[in-house]
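Protein chains: 2
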Amino acid sequence: MANIVKIFDTTLRDGTQGEGISLSVEDKMKIALKLDALGVHYIEGGWPGSNNKDIEFFNRVKELNLQHAKVTAFGSTRRKDTLPEQDANLNRILEVGVPVATIFGKSWDFHVHKAIQTTLEENLNMIYDSVRYLKSNGLEVIYDAEHFFDGYKNNADYALKTIKKAEEAGADWIVLCDTNGGSLPHEVSEIVAAVKQAVSVPIGIHAHNDCELGVANSVAAVMAGATQVQGTINGFGERCGNANLCSVIPNLQLKLNYECVSAEQLETLTSVARYVSEIANMHLPVNQAFVGSAAFAHKGGIHVSAILRNPSTYEHIAPELVGNKQRVLVSELAGQSNLVFKAQELGLDFDNNNQQSRQLIEQIKEMEHQGYQFEGADATLELLIRDAYGQQEELFTLESFKILVAKHANQASVTEAIVKLNVNGQTVYNAAEGNGPVNALDNALRKCLVEYYPELRNMHLNDYKVRVLDEKDNTAAKVRVLIESTDFDTTWSTVGVSGNVIEASCDALIDSLRYALLGKERTTIQIGEQRERVGVVNH
Amino acid sequence: MANIVKIFDTTLRDGTQGEGISLSVEDKMKIALKLDALGVHYIEGGWPGSNNKDIEFFNRVKELNLQHAKVTAFGSTRRKDTLPEQDANLNRILEVGVPVATIFGKSWDFHVHKAIQTTLEENLNMIYDSVRYLKSNGLEVIYDAEHFFDGYKNNADYALKTIKKAEEAGADWIVLCDTNGGSLPHEVSEIVAAVKQAVSVPIGIHAHNDCELGVANSVAAVMAGATQVQGTINGFGERCGNANLCSVIPNLQLKLNYECVSAEQLETLTSVARYVSEIANMHLPVNQAFVGSAAFAHKGGIHVSAILRNPSTYEHIAPELVGNKQRVLVSELAGQSNLVFKAQELGLDFDNNNQQSRQLIEQIKEMEHQGYQFEGADATLELLIRDAYGQQEELFTLESFKILVAKHANQASVTEAIVKLNVNGQTVYNAAEGNGPVNALDNALRKCLVEYYPELRNMHLNDYKVRVLDEKDNTAAKVRVLIESTDFDTTWSTVGVSGNVIEASCDALIDSLRYALLGKERTTIQIGEQRERVGVVNH
Numbered sequence: 001m002a003n004i005v006k007i008f009d010t011t012l013r014d015g016t017q018g019e020g021i022s023l024s025v026e027d028k029m030k031i032a033l034k035l036d037a038l039g040v041h042y043i044e045g046g047w048p049g050s051n052n053k054d055i056e057f058f059n060r061v062k063e064l065n066l067q068h069a070k071v072t073a074f075g076s077t078r079r080k081d082t083l084p085e086q087d088a089n090l091n092r093i094l095e096v097g098v099p100v101a102t103i104f105g106k107s108w109d110f111h112v113h114k115a116i117q118t119t120l121e122e123n124l125n126m127i128y129d130s131v132r133y134l135k136s137n138g139l140e141v142i143y144d145a146e147h148f149f150d151g152y153k154n155n156a157d158y159a160l161k162t163i164k165k166a167e168e169a170g171a172d173w174i175v176l177c178d179t180n181g182g183s184l185p186h187e188v189s190e191i192v193a194a195v196k197q198a199v200s201v202p203i204g205i206h207a208h209n210d211c212e213l214g215v216a217n218s219v220a221a222v223m224a225g226a227t228q229v230q231g232t233i234n235g236f237g238e239r240c241g242n243a244n245l246c247s248v249i250p251n252l253q254l255k256l257n258y259e260c261v262s263a264e265q266l267e268t269l270t271s272v273a274r275y276v277s278e279i280a281n282m283h284l285p286v287n288q289a290f291v292g293s294a295a296f297a298h299k300g301g302i303h304v305s306a307i308l309r310n311p312s313t314y315e316h317i318a319p320e321l322v323g324n325k326q327r328v329l330v331s332e333l334a335g336q337s338n339l340v341f342k343a344q345e346l347g348l349d350f351d352n353n354n355q356q357s358r359q360l361i362e363q364i365k366e367m368e369h370q371g372y373q374f375e376g377a378d379a380t381l382e383l384l385i386r387d388a389y390g391q392q393e394e395l396f397t398l399e400s401f402k403i404l405v406a407k408h409a410n411q412a413s414v415t416e417a418i419v420k421l422n423v424n425g426q427t428v429y430n431a432a433e434g435n436g437p438v439n440a441l442d443n444a445l446r447k448c449l450v451e452y453y454p455e456l457r458n459m460h461l462n463d464y465k466v467r468v469l470d471e472k473d474n475t476a477a478k479v480r481v482l483i484e485s486t487d488f489d490t491t492w493s494t495v496g497v498s499g500n501v502i503e504a505s506c507d508a509l510i511d512s513l514r515y516a517l518l519g520k521e522r523t524t525i526q527i528g529e530q531r532e533r534v535g536v537v538n539h
Numbered sequence: 001m002a003n004i005v006k007i008f009d010t011t012l013r014d015g016t017q018g019e020g021i022s023l024s025v026e027d028k029m030k031i032a033l034k035l036d037a038l039g040v041h042y043i044e045g046g047w048p049g050s051n052n053k054d055i056e057f058f059n060r061v062k063e064l065n066l067q068h069a070k071v072t073a074f075g076s077t078r079r080k081d082t083l084p085e086q087d088a089n090l091n092r093i094l095e096v097g098v099p100v101a102t103i104f105g106k107s108w109d110f111h112v113h114k115a116i117q118t119t120l121e122e123n124l125n126m127i128y129d130s131v132r133y134l135k136s137n138g139l140e141v142i143y144d145a146e147h148f149f150d151g152y153k154n155n156a157d158y159a160l161k162t163i164k165k166a167e168e169a170g171a172d173w174i175v176l177c178d179t180n181g182g183s184l185p186h187e188v189s190e191i192v193a194a195v196k197q198a199v200s201v202p203i204g205i206h207a208h209n210d211c212e213l214g215v216a217n218s219v220a221a222v223m224a225g226a227t228q229v230q231g232t233i234n235g236f237g238e239r240c241g242n243a244n245l246c247s248v249i250p251n252l253q254l255k256l257n258y259e260c261v262s263a264e265q266l267e268t269l270t271s272v273a274r275y276v277s278e279i280a281n282m283h284l285p286v287n288q289a290f291v292g293s294a295a296f297a298h299k300g301g302i303h304v305s306a307i308l309r310n311p312s313t314y315e316h317i318a319p320e321l322v323g324n325k326q327r328v329l330v331s332e333l334a335g336q337s338n339l340v341f342k343a344q345e346l347g348l349d350f351d352n353n354n355q356q357s358r359q360l361i362e363q364i365k366e367m368e369h370q371g372y373q374f375e376g377a378d379a380t381l382e383l384l385i386r387d388a389y390g391q392q393e394e395l396f397t398l399e400s401f402k403i404l405v406a407k408h409a410n411q412a413s414v415t416e417a418i419v420k421l422n423v424n425g426q427t428v429y430n431a432a433e434g435n436g437p438v439n440a441l442d443n444a445l446r447k448c449l450v451e452y453y454p455e456l457r458n459m460h461l462n463d464y465k466v467r468v469l470d471e472k473d474n475t476a477a478k479v480r481v482l483i484e485s486t487d488f489d490t491t492w493s494t495v496g497v498s499g500n501v502i503e504a505s506c507d508a509l510i511d512s513l514r515y516a517l518l519g520k521e522r523t524t525i526q527i528g529e530q531r532e533r534v535g536v537v538n539h
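First to last, the protein sequences are chains A and B.
Following UniProt numbering, the numbering of the first sequence begins with 1 at its first residue and continues without gaps.
Following UniProt numbering, the numbering of the second sequence begins with 1 at its first residue and continues without gaps.
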């Protein structure tokens, strides 16, 4: 039987310390669902003692009924010279009602003196009291030994004393943190092995990527006996980020035969990585290991011809194992398994040999080439499939729009849109104001449509994101607009791509409205629902 | 005396296999100069047997009179069943007149059968003949053993035979390649040690990043006895890229006391990394280890207050050693200590008790409450601080703008902007087209300003991001626009928040232009310039 390594995800806590990353409570809820489906064992949701947004998350995450992951709240050991019962930060952890507490304390004598400015003895008491207090309240306690490696290098004796205190107080895990990210794999390996000798509690590793060694350090720790890895999706996190779970998990599982998640869950890794980067509005580098769109893309001519003979000549794993795909000159039936799945969901007989299917695959390939991405836009994909199979009647078409934005010095700006639609053969012409061009356009489109389709009153837009696709040409570059819409039951996403942000927005808006008009026929995957994959080829 | 590790840069060859990377001969010349100044030992300029652009580079690079680096040309061993004298690919290496040849051959029996389809014996002859031929023509020969680790794992005996053949033929270096990037550090370590036993020629390592372990594998190989590392600036390269020299070099030099380049050369690392990414037109991730703009950026409030006491509390090295700098991100998580730091950097006497400081704190708090976020927008923050301290004259003000977007059915849309500015007391009125409203506005603003400030011709926009702040109100919600601009030396970011995406964009655009006009007074990191830091504490 494979050795099990528990995955502790801190995308929602340490991940949000990364530059440019800011997640709303709603974003965090969505990501938590994905993480749960991926099969991580712990989801660190935030620091309730530090901000109220995190408290709201802990309250609301209970609604999700996660299947697999335990939710944990982060905090520090008690303040110096106080009682744990009077420590607001510890009490907040209890108040938010999580089953697991993750608290950090100081391992490095230098930090005890410089950062918290107390005695070595009082620091030991702070650790003991805090762990004890949380344990006595019935929580599972993960003790994060901050700066453990630096502390151990500086004063091994004291560093070991701190974690022995946590053990003595009943901690369920001791996690060794390379907080500054400055340690090398051989050091991590030696120190984890030494710790394994000194304590009998299970050990975890929390690595950062400041030396571009976050993944290597995590792997080294596991090989030396750690059985929990803390990290984030895509390696988001403070400074250079945390250990990237999207590389740690496949390395442990596919290369070293540890068991972290199931084989089926591992096949969702690429989609989780892309989903999280979309939600966080961060670029996913194309060359990211395992999950990047170029991770199995072959450019060199020699490579391509060898790959066509046998993929393992230039691929270290079968990309399907992590839900990614090979890309060669002729992009191989991009995303076809998703298409097959989607078409089956619609009750269509999707067959590679029929003409509609072939045309659809060509159309989607071409759109992906232009910058479309359907991972975050299921509704647009569904509309394309329905159109290809003639399953969708044209309920309205856009004939023209005009938008005017005017601003004078210190006055508020005025934005107006004029729209001309053909609805069921009738020309409908209307105008509306808005807080911006997209809002004005949205308002004008609805004004035209609601008299024919009153059910559109129930839908509204949830989220609107713009991403520049080609950074070379600055504001003249192509943009991809993602729009998320909702009525009371369902949430769906649509995408538009254009050199003009207004056109891209208009395309996504129109898809969103068309999708709403499908009514009960819609199949969009609900949040929290598992998606099955079809047609994986192993090699 | 420190052990010397030779750095072999293949940015100009393997680096250009990365998706989206394409370098002109001119680009390659510029990069070669930077690499030479950085102190790399070898610059692999291309594959003269594979394309003519590379031949032109080898002809022209001689004009540069590089001081330090040897230029090398890449190629394969001879074709099967031919003589080396008749092999065009080998002869091209001789013709381009380089002092060093780098040729690759097969180490993996599977590849001999599947990819080049010959006998194991003939492959050994191909290696011997090719190395011998180049040596007999007076070249230094680096033998790249392709797929060495996979080959060794599959058939160690044969893999060793191939490199022994290269040694026997007089190769000066044997470089073990993890071509598919699938090996782990402990494997690399063991195999390099075994090879050290088997041959006496110096050994090199060529790693790829498919497991996010390219740097770790390079470091492991050096610790096991390799004395040459092949890699690329920023880890550019096929699929997930090559080992990133911008991490390999500081790890070897600062952490393990090997000598690769001089301490002064190492201080240019950040500027080289940014320069190469500019030339290659690739986005340099802010969180890239050592050289990214967030590599020493602190967001968490606890970290910031500790950093102010002593930087080594949360920094693994002094950023100046690699030419980078500490940054404190101002965000709601952090609070006031971040602002103090920022002001100190500007040489301002920031005092919580003086009125300007108090007003500024209030203003920033209010703006953050409205949805501003300064952690991704250093330049806007700097302008606010300068304004508060009266350090900045008003060079222009916006009087009005009007934007018109019109679209008819299947025709391309038309976007126009009309702008009225007051520049140094003069009214300037102008109009421009664009691919979208922001592009049109940007074009019109510049048309007004360049006649007064011609230096603005050198700046352009790098990236543009829009984020909806309050998802409840759909397209009527507030949006935050982040704009990244560059003038080749420097990169800076600005932010705007409004209910109207155009107004938010306009605010960010204007800040971007105002910041550009600060010229030499800006504090953002300059590329290629060593910055003086205010209040830097060495550690």
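The beta carbon of each residue, even a glycine, is placed where N, CA and C say it ideally should be.
Every value quoted in this text rests on a predicted model; they were computed, and no experiment measured them.
Anticipated Cβ contact below 8 Å, residue i with residue j, distance rounded
i	j	result
E187(A)	F149(A)	6 Å
T102(B)	I142(B)	4 Å
V201(A)	A224(A)	Going by Cβ atoms, the distance from V201(A) to A224(A) rounds to 15 Å, so no, they are not a contact pair.
S218(B)	V248(B)	5 Å
D144(A)	N180(A)	About 14 Å separates the two Cβ atoms, so there is no contact after all.
Enclosing beta strand (DSSP E) for residue i [first to last residue]
i	result
V71(A)	70-76
V141(A)	140-146
Y464(B)	460-468
Straight-line Cα distance separating residue j from residue i
i	j	result
T268(B)	L254(B)	14 Å
Q391(B)	P311(B)	29 Å
G499(B)	N435(A)	6 Å
N259(B)	L252(B)	Residue identity differs from the one stated: residue 259(B) is Glu in this sequence, not Asn. Taking the straight line joining both Cα atoms gives about 7 Å.
Q265(A)	N242(A)	22 Å
E26(B)	D36(B)	16 Å
Proximity test, Cβ basis, 9 Å: residue i and chain B
i	result
H206(A)	no
N251(A)	yes
F290(A)	yes
A516(A)	no
L184(A)	yes
V222(A)	no
R467(A)	yes
L269(A)	no
K80(A)	no
Start and end residues, alpha helix (DSSP H) containing residue i
i	result
S448(A)	The sequence given here places Cys at residue 448(A); Ser does not occur at that position. 437-450 is the span of the alpha helix (DSSP H), which, as asked, contains C448(A).
A88(A)	88-95
I502(B)	501-516
Residues that residue i bridges to, as DSSP identifies them
i	result
F396(A)	V423(A)
W492(A)	S485(A)
E455(B)	DSSP output for E455(B) lists no bridge partner at all.
Below-9 Å beta-carbon distance, residue i vs any chain A residue
i	result
F74(B)	no
G15(B)	no
V215(B)	yes
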